[in-house]
Amino acid sequence: MTGKRKAPLRKCIATNEMKEKKEMVRVVRTKEGEVSIDVTGKKSGRGAYLSKNKDAILKARKKNILAGHLQAKVDDEIYDELLALVEASQPQ
1 MTGKRKAPLR KCIATNEMKE KKEMVRVVRT KEGEVSIDVT GKKSGRGAYL SKNKDAILKA
61 RKKNILAGHL QAKVDDEIYD ELLALVEASQ PQ
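Going by the UniProt record's numbering, the sequence shown opens with residue 1, and the numbers climb by one from there.
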């Protein structure tokens, strides 16, 4: 045993790809029905993961995938924030 733990994998709801958790962004719906981006990955509530790439986020927006997964209305601002987050995290 080397002591190196395997990175947790999560499935992107837009592309259905399995990726390491750190390559994904989590969107969470609280009990009150508020939808927000969970950058820490520790907020309580129902979570859904999206790949940190523009295509996955645009696909999720177009098909309204997040709203279906979280069973809540997802405002356009959430998608705009996701796109900004992804663009900021891309290496220049």
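For every residue, glycine included, the Cβ atom is placed at its ideal position computed from N, Cα and C.
Secondary structure at Glu77: helix, using DSSP grouped into helix, strand and coil. Secondary structure note for Gly47: its beta strand (DSSP E) is the uninterrupted segment 46-51. At the C-beta level, Ala72 and Val35 come within 9 Å of one another. For Tyr79, same chain residues with a beta-carbon under 7 Å away, outside a window of 5 residues either side, are Ile57, Arg61 in chain order. By the neighbour-count criterion, in which a residue is buried when 16 or more other Cβ atoms sit within 10 angstroms of its Cβ, Arg5 is exposed.
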